[in-house]
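Enquirer: Got a structure for you, written out below as structure tokens; questions coming shortly.
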């Protein structure tokens, strides 16, 4: 039997979360179904949106589900074998960092939107739901995936704090730090989109701009 509370085991758990999060499903599915490289088309991103633009709706859906799963699975595993919120937060952050800085692609990865939702689903499900509602409403109103993602990431720490307050609980500092880190990193990954939004040249889903 493994001692799941040793520093060595916990370090391995965090490493596995990173390596799983680093799997570039958008690249793999697009190449598998179409032979194309999403990095050479559209925005050049390996996430679900550009995978869909490059390889079609089926590739986009598969990428979206896989990018969510690779965030959710290691967090769910961490929660099932130990009850330390600091470790769970570390595993969640590792999976997210794997997606945006994947070792398999020389640390040039995606923007982390789907994986952000993935790590939240088993750990902070109501926060994930609230962030998704924010994302969906903004997307429906504007048709900008990037704007919806940026706002959802910006509001993530506030949503986490609000749900903890409503439940009359104090949110762990590590959990609040996780939410701030996820939101900040995801927003910084959208820096080019922010420039295009400002200039009015950002592409909409279902439109030219």
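Numbering (the numbering used here), first residue to last: 17 to 225.
Idealized CB from N, CA, C, for every residue including glycine.
From residue 153 to residue 196, what does the alpha carbon distance come to, in whole angstroms?
Expert: The straight-line gap from Cα to Cα measures roughly 22 Å.
Enquirer: Assign residue 54 to buried or exposed, taking buried as 16 or more other Cβ atoms, counted over all protein chains shown, within 10 Å of its Cβ.
Expert: Result: buried.
Enquirer: Just to check my reading of the structure: residue 63 and residue 127 have Cβ atoms closer than 8 Å, yes? What is that Cβ distance to the nearest angstrom?
Expert: Rounded, the Cβ-Cβ distance is 6 Å, consistent with contact.
Enquirer: On the criterion of 16 or more Cβ atoms from any shown chain inside 10 Å, does residue 33 qualify as buried, or is it exposed?
Expert: Residue 33 comes out buried.
Enquirer: Assuming the contact rule is C-beta atoms closer than 8 Å, residue 170 and residue 137 should be a hit. Round their C-beta distance to whole Å, please.
Expert: The pair is not a contact, with the Cβ atoms about 20 Å apart (cut-off 8 Å).
Enquirer: Pick helix, strand or coil for residue 10, following the three-state DSSP scheme.
Expert: Lying before the first or after the last residue shown, residue 10 is absent from the chain, which here runs from 17 to 225.
Enquirer: Closer than 6 Å by C-beta to residue 13: which residues in its own chain qualify, once you throw out the five before and the five after it? Chain order, please.
Expert: The shown model of the chain, from 17 to 225, leaves out residue 13, and the question about it has no answer.
Enquirer: Measuring alpha carbon to alpha carbon, tell me which of 178, 85, 150 ends up nearest residue 130.
Expert: For the residues 178, 85, 150, the minimum Cα distance to residue 130 belongs to 85.
Enquirer: Using a 10 Å radius around the Cβ and a threshold of 16 neighbouring Cβ atoms, would you call residue 166 buried or exposed?
Expert: Residue 166 should be labelled buried.
Enquirer: Taking a contact to mean a Cβ-Cβ separation below 8 Å, would you say residue 139 touches residue 104 in this structure?
Expert: Cβ distance < 8 Å, so residue 139 and residue 104 count as in contact.
Enquirer: Check for me: the alpha helix (DSSP H) holding residue 71 runs from which residue to which?
Expert: Residues 64–71.
Enquirer: Might you give, ordered along the chain, the residues of its own chain that have their beta carbon closer than 6 Å to the beta carbon of residue 46, omitting 5 neighbours on each side?
Expert: Hits under 6 Å: 52, 54, 67, 70, 71, 75.
Enquirer: Let me know the secondary structure DSSP gives residue 141 once reduced to three states.
Expert: Note: residue 141 maps to helix in three-state DSSP.
Enquirer: Any contact of the stretch 97–116 with the stretch 144–159, i.e. 3+ C-beta pairs under 8 Å?
Expert: Judged by Cβ distances under 8 Å, the stretch 97–116 makes no contact with the stretch 144–159, as fewer than three pairs qualify.
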